[in-house]
Amino acid sequence: ATAKIMAGFTLENEKLAVKEEMMNDALMDAFDNDELEDEAEEVTAQVLAELGVELDSKMVGLDTPMARPQNELSAEEQEALDSALPDLKARLNAL
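Counting from 9, one number per residue, gives the positions in the sequence shown under the working numbering.
(1) Rounded to the nearest angstrom, what separates glutamate 20 and aspartate 37 at their Cα positions?
(2) Looking only at its own chain, which residues have a Cβ that is under 8 Å from the Cβ of glutamate 22, when we skip the five neighbours before and after it?
(3) In terms of residue numbering, what span does the alpha helix (DSSP H) encompassing serine 91 cover?
(4) Give the straight-line distance between the Cα atoms of glycine 16 and aspartate 40, rounded to the nearest whole angstrom.
(5) Return the first residue and the last residue of the alpha helix (DSSP H) that alanine 11 is part of.
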């Protein structure tokens, strides 16, 4: 009796595995579509263009370093920062 139940369970388990594999294949076919991805990219680009977002033009020149940092510290500010750093490091290490 137990062997019969185990055989039935094994058979049902195999059926379930086959059904699961078929469902996975169907979902992959339905959603893993390069054409759909290309169409989504086109729609996104169109919407951004309509909103006036031009990311490419804003990104030009960002990788080139500036000749001089704009927020350069004065000698007095740098001195105050240098004197405060050891205390801040000690506080951080105490945490």
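All C-beta atoms in this analysis are idealised placements derived from N, C-alpha and C, irrespective of residue type, glycine included.
The structure presented is a predicted model; accordingly, all values stated were derived computationally and were not measured.
The answer reads as follows:
(1) In the sequence shown, residue 20 corresponds to position 12, counting from 1. In the sequence shown, residue 37 corresponds to position 29, counting from 1. If you take the alpha carbons of glutamate 20 and aspartate 37, they lie about 26 Å apart.
(2) For the purposes of this step, residue 22 is taken as the residue at position 14 of the sequence shown. If we look at glutamate 22 and ignore the five residues flanking it on each side, it has no Cβ neighbours.
(3) Sequence index remark: in the sequence shown, residue 91 carries index 83 (1-based). Its alpha helix (DSSP H) spans residues 83-102.
(4) Within the sequence shown, residue 16 is the residue found at index 8, counting from 1. Within the sequence shown, residue 40 is the residue found at index 32, counting from 1. Spanning the alpha carbons of glycine 16 and aspartate 40 requires a straight line of approximately 35 Å.
(5) Stepping through the sequence shown from its first residue, residue 11 is reached at position 3. In the DSSP assignment, alanine 11 falls within the unbroken alpha helix (DSSP H) covering 10-39.
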